[in-house]
Amino acid sequence: MPDADDHRFMSLALALGRRGLGNAWPNPAVGAVVVKDGIVVGRGWTQPGGRPHAEAQALQRAGEAARGATIYATLEPCSHHGKTPPCVDAIIAAGIARVVSAIEDPNPKVAGQGHARLRAQGITVDVGVGAEEASRAHAGHIRRVRDGRPHVTLKLAVSSDGKVALAGRKPARITGAGANTHVHLMRAMNDAVLTGIGTVLADDPQLTCRLPGMERRSPVRVVLDSALRLPPGSRLATGAAQTLVWVFAGEGISAETERPLVDLGVEVLRVPGAAGRLDLGAVLRGVAARGITRLMVEAGPIVSAAFLAADLVDEAALFRSAVAIGADGIDALDGMPLSALTLSPKLRLVESEQIGADTLEMFERT
363 MPDADDHRFM
373 SLALALGRRG
383 LGNAWPNPAV
393 GAVVVKDGIV
403 VGRGWTQPGG
413 RPHAEAQALQ
423 RAGEAARGAT
433 IYATLEPCSH
443 HGKTPPCVDA
453 IIAAGIARVV
463 SAIEDPNPKV
473 AGQGHARLRA
483 QGITVDVGVG
493 AEEASRAHAG
503 HIRRVRDGRP
513 HVTLKLAVSS
523 DGKVALAGRK
533 PARITGAGAN
543 THVHLMRAMN
553 DAVLTGIGTV
563 LADDPQLTCR
573 LPGMERRSPV
583 RVVLDSALRL
593 PPGSRLATGA
603 AQTLVWVFAG
613 EGISAETERP
623 LVDLGVEVLR
633 VPGAAGRLDL
643 GAVLRGVAAR
653 GITRLMVEAG
663 PIVSAAFLAA
673 DLVDEAALFR
683 SAVAIGADGI
693 DALDGMPLSA
703 LTLSPKLRLV
713 ESEQIGADTL
723 EMFERT
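According to my numbering, the sequence shown is numbered sequentially starting from 363.
This is how it looks when you write it as structure tokens:
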């Protein structure tokens with residue numbers, strides 16, 4: 363039966379797993395700890411690109427000490443052959459006596475089969491320790507498996523009067539340095555960040571993580587651009603060779619139109635749409651098919667409102683500033699009040715914290 367030590371060691375595994383968030387796709391960011399006689403003898407987390415897996419890393423570091431030990435994993439160990447051998451085979455070969463998993467893997471290729479194989483070998487298996495936190499940590503993997511799309515986090519920064527830009531959609535500095543740093547960390551913990559062409563044309567953003575030492579953790583940049591207006595001279599296009607840029611355009615865009623962007627390393631993808639608006643469901647299925655599990659929407663009022671209206675927001679990060687913009691400023695959500703997010707029956711406020719002079723409110727799907 364699980365005890366206090368089990369929760370303590372699973373907390374460590376969960377902390378290790380978070381190191382892989384935004385960096386392990388297309389695989390889930392798993393953490394694993396091998397414990398013998400109350401001492402951690404091996405630890406691991408999913409490495410960049412999804413391999414090696416956390417369990418294999420932890421077992422390798424534990425070596426012979428793994429025999430008769432317990433391994434804690436934030437997700438059911440895989441039981442199928444992919445680009446790497448099944449983790450259950452490595453666990454069995456290492457002589458592990460007990461496996462503690464936070465949750466079962468919803469992937470049909472696993473879905474309890476890993477635990478069943480371990481039990482068939484006489485290994486004790488306990489499931490459910492740290493399940494709630496693990497479900498949050500693996501929300502992207504779970505959403506992609508079950509719904510064919512990534513877990514979507516909508517990020518908004520609003521003034522004290524609910525505005526996001528000056529009149530004429532001119533950019534305004536709304537939040538302070540602490541909030542901006544937090545946004546860069548959020549980018550690093552997501553596989554991709556999505557924006558609309560309107561924001562690109564107005565702000566010429568980079569959408570990278572520019573925290574010292576974390577530049578390589580920048581997400582894939584995704585642009586919704588039905589008419590393919592992304593300027594080849596934009597910072598997104600000129601930086602595509604260093605950090606991936608995927609542009610979703612309408613189905614009628616010609617190969618000749620996309621060539622200047624493709625030559626820079628931009629990948630242009632076509633999805634259906636109507637009246638200049640792309641099918642968001644098709645966009646999300648497209649990024650999920652390329653392995654994206656966690657997507658951060660960092661866009662203007664039109665795209666942000668569209669995601670909310672389509673019920674595609676799983677989590678929202680609302681940064682509230684003490685600065686006012688004025689009545690002629692641009693509302694945070696196009697055609698709907700901010701309360702469409704803050705009072706939505708589909709979302710609930712789960713956390714609020716002060717970051718400098720700004721306040722961050724976190725919402726989750728109910």
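Note that the Cβ used here is the ideal one computed from N, Cα and C, for glycine as well.
C-alpha gap between residue i and residue j, whole angstroms
{"i": "Gly595", "j": "His477", "result": "52 Å"}
{"i": "Gly382", "j": "Gly393", "result": "8 Å"}
{"i": "Pro470", "j": "Val507", "result": "8 Å"}
{"i": "Leu709", "j": "Ala611", "result": "30 Å"}
{"i": "Gly425", "j": "Ser463", "result": "21 Å"}
{"i": "Val649", "j": "His369", "result": "35 Å"}
{"i": "Pro707", "j": "Ala482", "result": "45 Å"}
{"i": "Ala493", "j": "Met548", "result": "23 Å"}
{"i": "Pro447", "j": "Glu620", "result": "40 Å"}
{"i": "Ala473", "j": "Ala496", "result": "16 Å"}
{"i": "Ser580", "j": "Leu573", "result": "10 Å"}
{"i": "Thr605", "j": "Lys517", "result": "21 Å"}
{"i": "Ser714", "j": "Val633", "result": "37 Å"}
{"i": "Ala427", "j": "Pro414", "result": "20 Å"}
{"i": "Leu705", "j": "Pro699", "result": "10 Å"}
{"i": "Cys440", "j": "Leu722", "result": "36 Å"}
{"i": "Asp676", "j": "Ala519", "result": "17 Å"}
{"i": "Ile559", "j": "Glu629", "result": "15 Å"}
Reduced DSSP secondary structure (H/G/I, E/B, other) of residue i
{"i": "Val685", "result": "coil"}
{"i": "Gly718", "result": "coil"}
{"i": "Ser373", "result": "helix"}
{"i": "Thr543", "result": "helix"}
{"i": "Ala435", "result": "strand"}
{"i": "Leu421", "result": "helix"}
{"i": "Gly490", "result": "coil"}
{"i": "Met551", "result": "coil"}
{"i": "Ile692", "result": "strand"}
{"i": "Leu640", "result": "strand"}
{"i": "Glu677", "result": "strand"}
{"i": "Arg511", "result": "coil"}
{"i": "Glu613", "result": "coil"}
{"i": "Ser701", "result": "helix"}
{"i": "Arg656", "result": "strand"}
{"i": "Ala519", "result": "strand"}
{"i": "Ala603", "result": "coil"}
{"i": "Arg583", "result": "strand"}
{"i": "Val645", "result": "helix"}
{"i": "Leu631", "result": "strand"}
{"i": "Thr728", "result": "coil"}
Neighbourhood of residue i by C-beta, 7 Å cutoff - its chain only, sequence neighbours within 5 removed
{"i": "Gly697", "result": "Ala667"}
{"i": "Ala375", "result": "Gly393, Ala394, Val395, Tyr434, Ala435 and Thr436"}
{"i": "Ala420", "result": "Ala394, Val395, Val396, Gly404, Arg405, Gly406 and Ile433"}
{"i": "Ala527", "result": "Pro533, Ala534, Gly691 and Ile692"}
{"i": "Ile687", "result": "Ser521, Asp523, Lys525, Leu528 and Ala534"}
{"i": "Ile717", "result": "Gly540, Ala541 and His544"}
Proximity test, Cβ basis, 8 Å: residue i and chain D
{"i": "Pro447", "result": "Annotation note: the requested chain D is absent from the structure, which comprises a single protein chain."}
Sequence-distant residues of its chain with Cβ nearer than 8 Å to residue i (five each side left out)
{"i": "Arg656", "result": "Leu383, Gly384, Trp387, Ala501, Gly502, Pro512, His513, Thr515, Met551, Asn552, Asp553 and Ala554"}
{"i": "Leu674", "result": "Arg511, Val514, Leu642, Gly643 and Leu646"}
{"i": "Arg597", "result": "Asp566, Pro567 and Gln568"}
{"i": "Asp488", "result": "Met363, Pro364, Asp368, Arg460, Val461, Val462 and Ser463"}
{"i": "Thr543", "result": "Leu573"}
CA nearest to the CA of residue i, picked from the options
{"i": "Ala529", "options": "Ser701, Asp673 and Ala689", "result": "Ala689"}
{"i": "Leu592", "options": "Thr557, Val582 and Pro410", "result": "Thr557"}
{"i": "Leu695", "options": "Met724, Glu660 and Leu590", "result": "Glu660"}
{"i": "Leu569", "options": "Gly575, Leu590, Arg380 and Val545", "result": "Val545"}
{"i": "Leu586", "options": "Leu642, Pro574, Glu620 and Ala541", "result": "Leu642"}
{"i": "Asp314", "options": "Ile615, Gly412 and Pro468", "result": "Because the chain spans 363 through 728 in this model, residue 314 falls outside it and cannot be assessed."}
{"i": "Leu563", "options": "Leu590, Ser373 and Ile692", "result": "Leu590"}
{"i": "Gly601", "options": "Asp399, Leu626 and Arg682", "result": "Leu626"}
{"i": "Asp565", "options": "Cys571, Ala534, Glu629 and Gly538", "result": "Ala534"}
{"i": "Ala456", "options": "Glu438, Ala493, His442 and Ile485", "result": "Ile485"}
{"i": "Leu378", "options": "Glu723, Gly653, Ala499 and Leu598", "result": "Ala499"}
{"i": "Val582", "options": "Val609, Thr619, Leu711 and Asp451", "result": "Val609"}
{"i": "Gly653", "options": "Ser441, Arg505, Ala428 and Arg380", "result": "Arg505"}
{"i": "Val624", "options": "Gly490, Gly614, Ala636 and Val607", "result": "Val607"}
{"i": "Ile664", "options": "Val628, Ala391, Ala519 and Thr561", "result": "Thr561"}
{"i": "Ala636", "options": "Gln422, Gly614, Ala519 and Glu618", "result": "Gly614"}
{"i": "Ala452", "options": "Glu417, Glu438 and Arg380", "result": "Glu417"}
{"i": "Glu599", "options": "Arg578, Pro622, Gly490 and Ala617", "result": "The sequence given here places Ala at residue 599; Glu does not occur at that position. When only C-alpha atoms are compared, the closest one is Pro622."}
Chain-order list of residues whose beta-carbon lies under 6 Å from that of residue i (same chain, five-residue window excluded)
{"i": "Gly638", "result": "Ser588"}
{"i": "Phe371", "result": "Val395, Val397 and Tyr434"}
{"i": "Gly430", "result": "Ala459"}
{"i": "Asp720", "result": "Thr537, Gly538, Ala541, Phe681 and Ser683"}
{"i": "Phe725", "result": "Ala678, Leu709 and Leu711"}
{"i": "Asn389", "result": "Thr408 and Gly412"}
{"i": "Met576", "result": "Ala550"}
{"i": "Ala671", "result": "none"}
| Unbroken beta strand (DSSP E) runs of length 3 or more, entirely within the region 382-412: which are they? | 393-398 and 401-407
| said: My parser needs the alpha helix (DSSP H) runs of 4 or more residues fully inside the region 434-483; what are they? | reply: 449-456 and 475-482
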